[in-house]
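Colleague: In the numbering used here, the protein residues as written are 7 to 255.
From the three backbone atoms N, C-alpha and C, an ideal C-beta is built for every residue, glycine too.
Here it is, the structure in full.
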């Protein structure tokens, strides 16, 4: 799964509380970034070991398959505790270390208001780590070497279960269908024909994936596009080129 980096870091680093959070919520946007010639890495904070379906081992294999399908530079899986994703100094430093390792310009993470408590905890943990990663006096190491401080320039919260009003919608019309390959790599989590005895969960419903598409269509409609992905912004965006942000066509 590893591809050699150019040494300058990735453009985007996406965190998820569980394997599949990223693909379900911002996968098409990540494919946009990759399609623009930039590198993307993903970090799962937990192994998803408390999930009703699958095992930590099978979910890791699925995460690896998703990474290959999506074309990430690398996917990292931490073990901070599914359903035990607490805000501790140890966990904070683990996330800071990942940020400093990949040195992203843009960072994506779970939204602050969510149905799953782990998503809320992950949002706070990653948001704070984004800031603390820039403090030189906070020391972390990777492979026995002290890491340099690095603070991402942009922090985006993707949208999950709750229908939160987005601050920004990305046109993903060209990448939405391709992003489904990353989603469907997590086969154990979704409804499948001929599997009537599998335990029912929120996402293992026949309607779930079509619901995701419906939301993408609804977001796209707001910007005059076929599909869209919405994000919450952590700060007021700066406009450096007015016509690039607001084109005339």
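Just the C-alpha distance for residue 168 and residue 249, rounded to the nearest angstrom, thanks.
Modeller: In the chain shown, residue 168 corresponds to position 162, counting from 1. In the chain shown, residue 249 corresponds to position 243, counting from 1. Residue 168 and residue 249: Cα-Cα distance of roughly 33 Å.
Colleague: Name the DSSP beta bridge partners of residue 251, please?
Modeller: As a position in the chain shown, residue 251 is number 245, starting the count at 1. In DSSP, residue 251 forms no bridge with anything.
Colleague: Can you check DSSP and say which residues form a bridge with residue 81?
Modeller: Start at 1 with the first residue of the chain shown, and residue 81 comes out as number 75. Per DSSP, 48.
Colleague: Give me the Cα-Cα distance between residue 64 and residue 91, rounded to the nearest whole angstrom.
Modeller: Position 58 of the chain shown, counted from the first residue, corresponds to residue 64. Position 85 of the chain shown, counted from the first residue, corresponds to residue 91. Spanning the two alpha carbons is a distance of roughly 21 Å.
Colleague: According to DSSP, what are the bridge partners of residue 164?
Modeller: To locate residue 164, count along the chain shown from 1; it is residue 158. The partner list for residue 164 (beta bridge, DSSP) reads 237.
Colleague: State whether the region 68-78 contacts the region 178-189, with contact taken as three or more CB pairs (one from each stretch) at a distance under 8 Å.
Modeller: yes
Colleague: Rounded to whole angstroms, how far is the Cβ of residue 231 from the Cβ of residue 177, which I believe are closer than 8 Å?
Modeller: As a first step, residue 231 must be located in the chain shown, where it is residue number 225. As a first step, residue 177 must be located in the chain shown, where it is residue number 171. Indeed they touch by this definition, with Cβ atoms about 4 Å apart.
Colleague: Go to residue 21, then tell me how far its beta strand (DSSP E) extends in each direction, as first and last residue.
Modeller: Here residue 21 corresponds to residue number 15 of the chain shown, with the count starting at 1. Per DSSP, residue 21 belongs to the beta strand (DSSP E) from 18-22.
Colleague: Measuring only the C-alpha atoms, how far is residue 8 from residue 79?
Modeller: The residue given as residue 8 occupies position 2 in the chain shown. The residue given as residue 79 occupies position 73 in the chain shown. Low confidence applies to residue 8: its pLDDT is 34, below 50, so where it sits in the model is not reliable, and the reading given next is rough at best. Between residue 8 and residue 79, the C-alpha separation is close to 6 Å.
Colleague: What residue range is occupied by the uninterrupted beta strand (DSSP E) comprising residue 104?
Modeller: Here the question's residue 104 lines up with position 98 in the chain shown. Note, residue 104: premise wrong, no beta strand (DSSP E); alpha helix (DSSP H) at 95-108.
Colleague: Going along the chain, which residues of its own chain have a beta-carbon closer than 7 Å to the beta-carbon of residue 195, five neighbours each way excluded?
Modeller: On the chain shown, position 189 is the one that residue 195 refers to. Within the same chain, and ignoring the five residues on either side of residue 195 in sequence, the residues whose Cβ sits closer than 7 Å to its Cβ are 26, 59, 60, 209, 210.
Colleague: Taking the alpha carbon of residue 130 as the reference point, which residue from 255, 253, 23, 19 has its own alpha carbon closest?
Modeller: In the chain shown, counting from the first residue as 1, residue 130 sits at position 124. When each option's Cα is compared against that of residue 130, the closest is 23.
Colleague: Determine the DSSP secondary structure at residue 15, reduced to helix, strand or coil.
Modeller: Here residue 15 corresponds to residue number 9 of the chain shown, with the count starting at 1. Coil, per DSSP.
Colleague: Going straight from the alpha carbon of residue 142 to that of residue 155, what length do you get?
Modeller: Reading the chain shown from its first residue, position 136 is the one you call residue 142. Reading the chain shown from its first residue, position 149 is the one you call residue 155. Using only the alpha carbons, I get a separation of about 5 Å.
Colleague: Three-state secondary structure (DSSP) at residue 90?
Modeller: What you label residue 90 is simply residue 84 of the chain shown in a count that begins at 1. In this structure, residue 90 counts as coil in the three-state DSSP scheme.
Colleague: Bridge partners of residue 175, per DSSP?
Modeller: For the purposes of this step, residue 175 is taken as the residue at position 169 of the chain shown. Paired residues: 236.
Colleague: Here's the rule: buried if 16 or more other CB atoms are within 10 angstroms of the residue's CB, otherwise exposed. What is residue 117?
Modeller: On the chain shown, position 111 is the one that residue 117 refers to. It counts as buried.
Colleague: Suppose you measure from the CA of residue 44 to the CA of residue 153; what does that come to, to the nearest Å?
Modeller: In the chain shown, residue 44 corresponds to position 38, counting from 1. In the chain shown, residue 153 corresponds to position 147, counting from 1. About 23 Å.
Colleague: Report all residues from its chain with a CB closer than 6 Å to the CB of residue 108; omit the five preceding and five following residues, and keep chain order.
Modeller: If you number the chain shown from 1, residue 108 lands on position 102. 15, 16, 19, 47.
Colleague: Less than 7 Å between C-beta atoms, sequence neighbours within five positions excluded: which residues of the same chain meet that for residue 255?
Modeller: In the chain shown, residue 255 corresponds to position 249, counting from 1. Once the five neighbours on either side are set aside, residue 255 has no close Cβ partner at all.
Colleague: Report the residue from 206, 77, 97 whose alpha carbon sits nearest the alpha carbon of residue 86.
Modeller: By one-based count along the chain shown, residue 86 stands at place 80. With distances taken between Cα atoms, residue 86 lies closest to 97.
Colleague: Alpha carbon to alpha carbon, how far is residue 247 from residue 162?
Modeller: For this step, residue 247 is matched to residue 241 along the chain shown. For this step, residue 162 is matched to residue 156 along the chain shown. Using only the alpha carbons, I get a separation of about 20 Å.
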